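Novice: The structure that follows is given in the form of structure tokens.
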Amino acid sequence: MRSTSNALEVDQLSRVFDVSAPWLNRMIDRKPKRYLRAVQDVTFVVETGKCLALVGESGCGKSTVARLVTGLYAPSEGAILFAPAVKGRGRGKPMEAQMIFQDPHASLNPRWRVGDIIAEPIREFGLRNGTEAIDTRVAELLRIVGLSPDDARRYPHEFSGGQRQRISIARALASEPEFLVCDEPTSALDVSVQAQILNLMRSLQDELGLTYLFISHNLAVVRHMADRIAVMYLGRIVEEADTEALFANPHHPYTQLLLQTIPDVAAPNRDRELMGGEPPSPLDPPTGCAFHPRCPMATDLCSKTAPEVRARKGGGVVACHLAPAV
Amino acid sequence: MSIPSHSPASDVLALDVRGLSVEFPTCRGVLTALSDVSLTIKRGEILGIVGESGAGKSMTGMAVLGLLEPPGRIAAGEIRIGGKRTDNLSEAEMASICGSMVGAIFQDPLTSLNPLFSVGQQLVETVRLHSSRSRAEARDHAVALLKQVGIPGADERIDHYPHQFSGGMRQRVVIALALAGNPQLIIADEPTTALDVSIQAQITALLRRLCREHGTGVMLVTHDMGVIAETADRVAVMYAGRVIEIGPVEEVLSRPKHPYTRGLMGSIPALGARVERLAQIDGAMPRLNAIPTGCAFNPRCFDAGTRCREVRPVMVAEGHGSVACLVHDGGVL
Numbered sequence: 001m002r003s004t005s006n007a008l009e010v011d012q013l014s015r016v017f018d019v020s021a022p023w024l025n026r027m028i029d030r031k032p033k034r035y036l037r038a039v040q041d042v043t044f045v046v047e048t049g050k051c052l053a054l055v056g057e058s059g060c061g062k063s064t065v066a067r068l069v070t071g072l073y074a075p076s077e078g079a080i081l082f083a084p085a086v087k088g089r090g091r092g093k094p095m096e097a098q099m100i101f102q103d104p105h106a107s108l109n110p111r112w113r114v115g116d117i118i119a120e121p122i123r124e125f126g127l128r129n130g131t132e133a134i135d136t137r138v139a140e141l142l143r144i145v146g147l148s149p150d151d152a153r154r155y156p157h158e159f160s161g162g163q164r165q166r167i168s169i170a171r172a173l174a175s176e177p178e179f180l181v182c183d184e185p186t187s188a189l190d191v192s193v194q195a196q197i198l199n200l201m202r203s204l205q206d207e208l209g210l211t212y213l214f215i216s217h218n219l220a221v222v223r224h225m226a227d228r229i230a231v232m233y234l235g236r237i238v239e240e241a242d243t244e245a246l247f248a249n250p251h252h253p254y255t256q257l258l259l260q261t262i263p264d265v266a267a268p269n270r271d272r273e274l275m276g277g278e279p280p281s282p283l284d285p286p287t288g289c290a291f292h293p294r295c296p297m298a299t300d301l302c303s304k305t306a307p308e309v310r311a312r313k314g315g316g317v318v319a320c321h322l323a324p325a326v
Numbered sequence: 001m002s003i004p005s006h007s008p009a010s011d012v013l014a015l016d017v018r019g020l021s022v023e024f025p026t027c028r029g030v031l032t033a034l035s036d037v038s039l040t041i042k043r044g045e046i047l048g049i050v051g052e053s054g055a056g057k058s059m060t061g062m063a064v065l066g067l068l069e070p071p072g073r074i075a076a077g078e079i080r081i082g083g084k085r086t087d088n089l090s091e092a093e094m095a096s097i098c099g100s101m102v103g104a105i106f107q108d109p110l111t112s113l114n115p116l117f118s119v120g121q122q123l124v125e126t127v128r129l130h131s132s133r134s135r136a137e138a139r140d141h142a143v144a145l146l147k148q149v150g151i152p153g154a155d156e157r158i159d160h161y162p163h164q165f166s167g168g169m170r171q172r173v174v175i176a177l178a179l180a181g182n183p184q185l186i187i188a189d190e191p192t193t194a195l196d197v198s199i200q201a202q203i204t205a206l207l208r209r210l211c212r213e214h215g216t217g218v219m220l221v222t223h224d225m226g227v228i229a230e231t232a233d234r235v236a237v238m239y240a241g242r243v244i245e246i247g248p249v250e251e252v253l254s255r256p257k258h259p260y261t262r263g264l265m266g267s268i269p270a271l272g273a274r275v276e277r278l279a280q281i282d283g284a285m286p287r288l289n290a291i292p293t294g295c296a297f298n299p300r301c302f303d304a305g306t307r308c309r310e311v312r313p314v315m316v317a318e319g320h321g322s323v324a325c326l327v328h329d330g331g332v333l
């Protein structure tokens with residue numbers, strides 16, 4: 001299935017966490033080992049230069065996918081394939097993907113100057129030789145993300161949340177990746193700062209030809225950023241389609257309910273149909289379709305058999321027994 | 001079990017704040033966290049307070065609750081809850097009216113509940129503190145409250161501990177606790193921020209229904225304009241410790257008058273249509289020790305003129321609300 005136009009192909013990816021109690025407690029209570037299936041059979045591709053967004057509520061496995069893709073977790077099953085690097089790089093293992101984390105207060109080392117934080121990947125991969133060349137590159141990166149080259153001498157605590165997120169982006173860009181994984185990059189920021197960061201990420205994508213895997217729970221942000229959207233529920237992708245197609249015509253009942261519940265500033269709906277219930281625990285998932293206890297259209301079939309992922313009317317895929325056939 | 005409803009004169013405001021200023025004396029001078037904040041909340045009305053981090057929206061709620069962290073103090077102004085002046089009360093006097101006059105809902109429901117006591121124990125204690133009910137009556141009332149906030153199986157769940165509830169259910173318990181003393185005013189500080197979108201809609205709908213049924217005024221502090229648009233009746237926009245625009249929610253959100261409100265609305269990605277670039281307000285909110293003279297927003301404002309750097313705008317009536325901007329008060333030049 002490898003295609004040259006795809007920056008990333010993820011095939012049947014699963015990740016299981018062992019959440020058993022310690023050995024001694026298990027022996028005393030005679031309890032079996034417990035496993036949490038955080039991500040199950042997730043398959044998607046990201047085209048070069050495009051942005052794929054993963055959306056879903058807390059605990060649906062979207063951040064686990066981000067960490068699997070960047071190699072922070074090893075997959076339990078499945079494959080993650082990046083397009084072969086086009087550009088020649090320095091010594092060391094080339095980084096295929098870099099990550100921008102949610103909390104810019106926790107993801108920058110408070111003891112390091114900003115210049116050192118950004119220079120570390122450059123030194124580590126030998127992308128520039130000599131102090132002067134590295135300093136020039138750091139200054140250039142700071143300018144790209146809208147900061148001043150003088151900021152290299154300052155420490156992270158001297159910056160606001162939005163500026164710190166700019167530093168995170170500069171650090172991610174320092175190793176010259178073609179693929180960026182952004183895990184809720186703006187959810188810790190105020191709306192006006194969020195707009196600054198989203199605009200910056202869009203213009204960087206155009207200028208540097210970056211490919212994004214964008215993780216968010218905010219559908220309005222996702223609609224603004226993504227070319228394609230995958231909706232996750234309890235570790236599985238339940239619907240994936242082009243952004244406009246998904247918003248115009250959501251087929252999975254979860255996507256429909258999700259779109260109905262987001263408060264919209266432009267068209268507030270005070271009498272909306274409320275989604276009943278809460279997401280189930282991934283430790284104890286429901287039988288059949290994971291969404292059936294909350295689904296207004298669920299049938300007997302839904303509570304017994306998990307739906308297969310199949311082609312979706314209007315492009316993309318959907319995992320629902322009741323979705324219209326192609 | 002019915003909840004007694006308030007029926008006082010309708011002209012008594014749930015909250016009336018006039019000219020409130022809060023100061024923090026520090027070793028490097030006095031920081032003014034809130035400056036000349038005036039707002040009112042009618043009974044059964046939800047007033048949204050929006051602004052970015054550091055705008056003073058939570059500080060306003062804390063000042064009303066009498067929970068300012070020392071050395072913070074109210075330097076000027078008056079706070080009246082249900083007609084009773086509360087800003088000059090001692091800590092003990094304030095504690096005695098908290099719950100029966102004003103309730104609070106905070107962002108993180110896990111930290112607002114005591115993990116060592118069951119939900120029932122906490123509710124019964126609160127109910128008994130504010131009424132002369134017997135233990136059994138208070139327990140019945142507690143079950144009724146839990147039913148009102150939509151907790152399924154309230155009869156059994158009343159004996160559960162906070163950790164046995166999910167995030168959304170915990171926030172419902174906190175709302176039940178806030179209502180237990182039948183207060184005239186509830187301060188809800190980011191009540192849905194820690195919750196998922198589908199749960200968030202349930203909680204805001206619940207809040208709206210309950211405040212209407214009980215005739216409780218709600219101060220809804222949030223940074224989420226979507227929540228405001230769907231929940232509040234009126235909205236106050238804050239910037240650098242000042243209220244800069246206040247008015248009916250449709251008017252402020254769809255026809256904002258202050259340049260800051262306009263920028264804020266433009267920077268929110270819309271669900272309806274996709275734009276190439278979001279409108280952005282450059283720069284950041286000033287720190288409290290470096291608030292510019294004149295209008296606090298003038299360095300970031302596209303419309304700013306010479307007068308904006310010299311004259312501090314005051315709130316002037318405009319449409320159904322009021323706005324603090326020189327564009328609407330004598331021009332910027």
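Sequences listed follow chains A and B, in order.
So in UniProt numbering, spot 278 of the first sequence is number 278, and the numbers just go up one at a time.
So in UniProt numbering, spot 303 of the second sequence is number 303, and the numbers just go up one at a time.
No residue lacks a Cβ here, since even glycine has one placed at the ideal position from N, Cα and C.
Everything numeric in this text was worked out from a predicted model, so none of it was measured.
Indicate whether residue 12 of chain A and residue 78 of chain A have their beta-carbon atoms separated by less than 8 angstroms.
Specialist: Your numbering for residue 12 of chain A matches position 12 in the first sequence. Your numbering for residue 78 of chain A matches position 78 in the first sequence. Cβ distance < 8 angstroms, so residue 12 of chain A and residue 78 of chain A count as in contact.
Novice: For the stretch 174–202 of chain A, which residues have a beta carbon sitting closer than 8 angstroms to at least one beta carbon of chain B?
Specialist: Those would be 190, 191, 192, 193, 194, 195, 196, 198, 199, 202, in chain order.
Novice: If we ignore side chains and look at the alpha-carbon of each, how far apart do residue 175 of chain B and residue 46 of chain B end up?
Specialist: Taking the second sequence and counting its residues from 1, one reaches residue 175 of chain B at position 175. Taking the second sequence and counting its residues from 1, one reaches residue 46 of chain B at position 46. Each residue's Cα considered, the two are about 15 angstroms apart.
Novice: With a CB to CB cut of under 6 angstroms and the five nearest residues on each side skipped, what residues in its chain are close to residue 39 of chain B?
Specialist: One-based indexing of the second sequence puts residue 39 of chain B at position 39. Excluding sequence neighbours, residue 39 of chain B sits near 17, 236.
Novice: Following the continuous alpha helix (DSSP H) through residue 243 of chain A, name the residue where it begins and the one where it ends.
Specialist: By one-based count along the first sequence, residue 243 of chain A stands at place 243. 243–248 is the span of the alpha helix (DSSP H), which, as asked, contains residue 243 of chain A.
Novice: Using a Cβ cut-off of 8 angstroms, pull out every chain A residue sitting near residue 338 of chain B, in sequence order please.
Specialist: Since the first and last residues shown for chain B are 1 and 333, residue 338 of chain B lies out of range.
Novice: Would you mind giving the Cβ-Cβ distance between residue 23 of chain B and residue 75 of chain B, rounded to the nearest angstrom? I have them listed as a contact below 8 angstroms.
Specialist: If you number the second sequence from 1, residue 23 of chain B lands on position 23. If you number the second sequence from 1, residue 75 of chain B lands on position 75. Sure, about 4 angstroms apart at Cβ, within 8 angstroms.
Novice: Please classify residue 287 of chain B as buried or exposed, where buried requires at least 16 other C-beta atoms within 10 Å of its C-beta.
Specialist: Here residue 287 of chain B corresponds to residue number 287 of the second sequence, with the count starting at 1. Result: exposed.
Novice: CB residue 110 of chain B to CB residue 162 of chain B, shorter than 8 angstroms?
Specialist: Working through the second sequence from its first residue, we reach residue 110 of chain B at position 110. Working through the second sequence from its first residue, we reach residue 162 of chain B at position 162. Cβ atoms of residue 110 of chain B and residue 162 of chain B: closer than 8 angstroms.
Novice: Roughly how many angstroms lie between the CA atoms of residue 166 of chain B and residue 180 of chain B, to the nearest whole one?
Specialist: If you number the second sequence from 1, residue 166 of chain B lands on position 166. If you number the second sequence from 1, residue 180 of chain B lands on position 180. Their Cα atoms are separated by approximately 21 angstroms.
Novice: Buried or exposed: which applies to residue 225 of chain B, given that a residue is buried once 16 or more other Cβ atoms fall within 10 Å of its Cβ?
Specialist: By one-based count along the second sequence, residue 225 of chain B stands at place 225. Label assigned to residue 225 of chain B: buried.
Novice: Distance cutoff 8 angstroms, beta carbons only. Does residue 132 of chain B sit that close to anything in chain D?
Specialist: Absent from the structure: chain D. Protein chains present are A and B.
Novice: Starting from the Cα of residue 313 of chain A, find the closest Cα among A:227, A:240, A:75, A:300 and give me that residue.
Specialist: Residue 313 of chain A sits at position 313 when you count from the first residue of the first sequence. For the residues A:227, A:240, A:75, A:300, the minimum Cα distance to residue 313 of chain A belongs to A:240.
Novice: Any beta carbon from chain B within less than 8 angstroms of residue 395 of chain A's own beta carbon?
Specialist: Here chain A has residues from 1 to 326 only, and residue 395 of chain A is not among them.
Novice: For residue 226 of chain A, I'd like the list of residues in its chain whose CB is within less than 7 angstroms of its CB, leaving aside the five on either flank, ordered along the chain.
Specialist: Counting from 1 along the first sequence, the entry for residue 226 of chain A is found at position 226. Cβ within range, chain order: 51, 52, 53, 214, 243.
Novice: Among B:61, B:228, B:302, which one has its Cα closest to the Cα of residue 247 of chain B?
Specialist: Here the question's residue 247 of chain B lines up with position 247 in the second sequence. Of the listed residues, the one whose Cα sits closest to residue 247 of chain B is B:228.
Novice: Assuming residue 170 of chain A and residue 142 of chain A form a contact by the criterion Cβ under 8 angstroms, report the distance between their Cβ atoms to the nearest whole angstrom.
Specialist: Counting from 1 along the first sequence, the entry for residue 170 of chain A is found at position 170. Counting from 1 along the first sequence, the entry for residue 142 of chain A is found at position 142. About 6 angstroms; that satisfies the 8 angstroms criterion.
Novice: Go to residue 232 of chain A, then tell me how far its beta strand (DSSP E) extends in each direction, as first and last residue.
Specialist: Residue mapping note: residue 232 of chain A aligns to position 232 of the first sequence, counting from 1. Unbroken beta strand (DSSP E) run through residue 232 of chain A: 228–233.
Novice: Kindly indicate the opening and closing residues of the beta strand (DSSP E) around residue 50 of chain B.
Specialist: Mapped onto the second sequence, residue 50 of chain B falls at position 50. Segment 46–50, the beta strand (DSSP E) holding residue 50 of chain B.
Novice: Tell me the rounded alpha-carbon separation between residue 311 of chain B and residue 294 of chain B.
Specialist: Position 311 of the second sequence holds residue 311 of chain B. Position 294 of the second sequence holds residue 294 of chain B. C-alpha separation (whole angstroms): 4 angstroms.
Novice: For the beta strand (DSSP E) that residue 265 of chain A lies in, which residues bound it at each end?
Specialist: Numbered from 1 along the first sequence, position 265 holds the residue referred to as residue 265 of chain A. Looking at the DSSP string, residue 265 of chain A is not in any beta strand (DSSP E), and its letter there is neither H nor E.
Novice: Of all the residues that make up the stretch 65–96 of chain B, which are near chain A by a beta-carbon distance shorter than 8 angstroms?
Specialist: Here the close residues number zero.
Novice: Examine chain B for any beta-carbon lying closer than 8 angstroms to the beta-carbon of residue 326 of chain A, and answer yes or no.
Specialist: As a first step, residue 326 of chain A is located in the first sequence; it is residue number 326 there, counting from the start. Cβ-Cβ to chain B under 8 angstroms: no for residue 326 of chain A.
Novice: Is residue 242 of chain B close to chain A? Criterion is C-beta to C-beta, closer than 8 angstroms.
Specialist: Residue 242 of chain B sits at position 242 when you count from the first residue of the second sequence. Chain A contact via Cβ: absent.
Novice: Count the other CB atoms, across all protein chains shown, that sit within 10 Å of the CB of residue 182 of chain B; report buried if there are 16 or more and exposed otherwise.
Specialist: Taking the first residue of the second sequence as position 1, residue 182 of chain B is located at position 182. Under this definition residue 182 of chain B is a buried residue.
Novice: Report buried or exposed for residue 280 of chain B, applying the criterion of at least 16 other Cβ atoms within 10 angstroms of its Cβ.
Specialist: Your numbering for residue 280 of chain B matches position 280 in the second sequence. It is buried - the Cβ of residue 280 of chain B has at least 16 other Cβ atoms within 10 Å.
Novice: For a contact meaning CB atoms closer than 8 angstroms, what does residue 58 of chain B contact in chain A?
Specialist: The residue given as residue 58 of chain B occupies position 58 in the second sequence. Result: empty, since nearest Cβ-Cβ is about 13 angstroms, beyond 8 angstroms.
Novice: Does the structure place the stretch 64–81 of chain B close enough to the stretch 93–104 of chain B that three or more beta carbon pairs sit under 8 angstroms?
Specialist: Result yes; three or more Cβ-Cβ pairs closer than 8 angstroms.
Novice: Measure the C-alpha to C-alpha separation of residue 165 of chain A and residue 108 of chain A and round it to an integer number of angstroms.
Specialist: Reading the first sequence from its first residue, position 165 is the one you call residue 165 of chain A. Reading the first sequence from its first residue, position 108 is the one you call residue 108 of chain A. Distance between the alpha carbons of residue 165 of chain A and residue 108 of chain A: 9 angstroms.
Novice: Which one of A:29, A:72, A:34, A:24 has the shortest CA to CA distance from residue 18 of chain A?
Specialist: For the purposes of this step, residue 18 of chain A is taken as the residue at position 18 of the first sequence. Nearest C-alpha to residue 18 of chain A: A:34.
Novice: Short check: CB of residue 83 of chain A to CB of residue 131 of chain A, under 8 angstroms?
Specialist: The residue given as residue 83 of chain A occupies position 83 in the first sequence. The residue given as residue 131 of chain A occupies position 131 in the first sequence. Going by C-beta atoms, residue 83 of chain A is not nearer than 8 angstroms to residue 131 of chain A.
Novice: When you compare the stretch 121–140 of chain A with the stretch 193–206 of chain A, are there three or more beta-carbon pairs, one atom per stretch, that lie closer than 8 angstroms?
Specialist: In short, these stretches do not touch, since the Cβ pair count stays below three.
Novice: Kindly indicate which three-state DSSP category residue 102 of chain B falls into: helix, strand or coil?
Specialist: On the second sequence, position 102 is the one that residue 102 of chain B refers to. Correct three-state label for residue 102 of chain B: strand.
Novice: Which parts of the stretch 101–127 of chain A are runs of the alpha helix (DSSP H), unbroken and 4 residues or longer, counting only runs that do not cross its ends?
Specialist: You should have 114–124.
Novice: Exposed or buried, residue 320 of chain B, counting other C-beta atoms within 10 Å across all chains shown (16 or more means buried)?
Specialist: Reading the second sequence from its first residue, position 320 is the one you call residue 320 of chain B. Residue 320 of chain B is exposed by the Cβ-count criterion.
Novice: Quick one: does residue 272 of chain B have its CB under 8 angstroms from some CB of chain A?
Specialist: Counted from its first residue, the second sequence places residue 272 of chain B at position 272. At least one chain A Cβ lies under 8 angstroms of residue 272 of chain B.
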